[in-house]
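Structure first, commentary second.
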Amino acid sequence: MDKELLKVRFGHIGKIFFNLAIACGVLSLICLLSPFVTALYMLIVGMVAILAICLTLGLIFFIAPDFISGLISSLSDVTQIAGFVVKIVEYSLPIMTIVAVLAAVMFIMQTNRKKMVVASTVLAIIGGLTWAFVAGGIVEMMQ
Amino acid sequence: MSLLNIKVRSLKKYAIQVAVDGRPIKGKSDKTGNMIYTYGTDNAETKVEIFNVNELTSQLWWLWSIFYFFIGVFGIFDPGYGNNFFDVRCNFSVDTTRDANLQVKIGVSDNGTRSNVWQCDTCATPVENEFSKNELLQKRIKSNKILKVFLWIATIAIVVAITAIKVIK
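Each protein sequence line maps, in turn, to chains A and B.
Counting from 5, one number per residue, gives the positions in the first sequence under my numbering.
Counting from 901, one number per residue, gives the positions in the second sequence under my numbering.
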């Protein structure tokens, strides 16, 4: 395949992910600013939980992998909500990672990348988290 | 060795590429959004090619369009192709016996017509300087819009069918 054409296509995919990340970022902001709506409140709880668990996973994964798996299994036994959150994390982690990594990689390949890399990575992570939560929630509901 | 500085001013949607002596080179954007390319050469004459690449020129454009439709969540987040149906072809032969600065403005509008305006402080000969409307691309942009409508109809039909099957069960 023509290298220049491929570069343009990567740029196009990057723009899609960037738009997606912005939309998800805005959605997460709306969720954070509207704590009185029950559904949105659930989203906030879910997002905070995902953030917390992701950070914990990232930090503890190399130190005590048994601890984190034990924590997740004990959490899932406590209440149904906790179990739901854990399942959401289970479904959403791969999607979140793919979205965040792809958005970052696509924008690294852009020509004017310096400012965009930072902005898109931050947005992709925020957006990816929200998007992942929504996608995970949809999968869960469909089951 | 003399330096050839190329400054290209164009809209980002044109996806301009620059090649010197047949090799594509990378540029940097300045504060005003112009692309700056620098190339060192020992040759007395250097060939500069400025051209654009459009995704819709490939034969499998429709397949890519479908792909974008789905990863862009049913086309909602797909930026599309806009009105980018122009062909840009600029070939210059630049005298590089000393440092040279070539400036090219792509698609400058003047009395309703668009063209490329160039300027060079050493001797430069334009072999080709074209900014033209590509009718094939124009047709494909229209086809792409029709394709999206069909994809939307197909998506709605699939969702309705799945819901109907679940309700019946």
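For every residue, glycine included, the Cβ atom is placed at its ideal position computed from N, Cα and C.
These numbers were taken from a predicted model, which means no experiment stands behind them.
- Within its own chain, the residues whose Cβ lies closer than 7 angstroms to the Cβ of V1017/B, once the five positions on either side in sequence are excluded, are K1005, V1008, listed in chain order.
- At a cut-off of 8 angstroms between beta-carbon atoms, V953/B makes contact with chain A.
- Looking at the backbone, the Cα of R998/B and that of R13/A are separated by about 38 angstroms.
- Here the alpha carbon of T996/B sits roughly 11 angstroms from the alpha carbon of C1020/B.
- Taking 8 angstroms as the threshold, the shortest C-beta distance from I971/B to chain A falls below it.
- Linking F967/B to W1052/B through their CA atoms gives a straight-line distance of about 13 angstroms.
- Per DSSP, A944/B lies in no beta strand (DSSP E) and is assigned neither H nor E.
- Between T946/B and L904/B, the C-beta gap is smaller than 8 angstroms, which places the two residues in contact.
- Distances from the CA of N984/B to each of K931/B, S1032/B, V920/B, F970/B were compared; the closest alpha carbon is that of S1032/B.
- Here DSSP, grouped into helix, strand and coil, assigns G1007/B to strand.
- When secondary structure is reduced to three states using DSSP, N934/B falls in the coil class, being assigned neither helix nor strand.
- With 16 or more other Cβ atoms from the protein chains shown falling within 10 Å of its own Cβ, D978/B counts as buried.
- H16/A and S1043/B have their C-alpha atoms spaced approximately 18 angstroms apart.
- Assignment of T1013/B by DSSP, reduced to helix, strand and coil, places it in the strand class.
- The beta carbon of T1055/B is closer than 8 angstroms to those of F974 in its chain, skipping five residues each way along the sequence.
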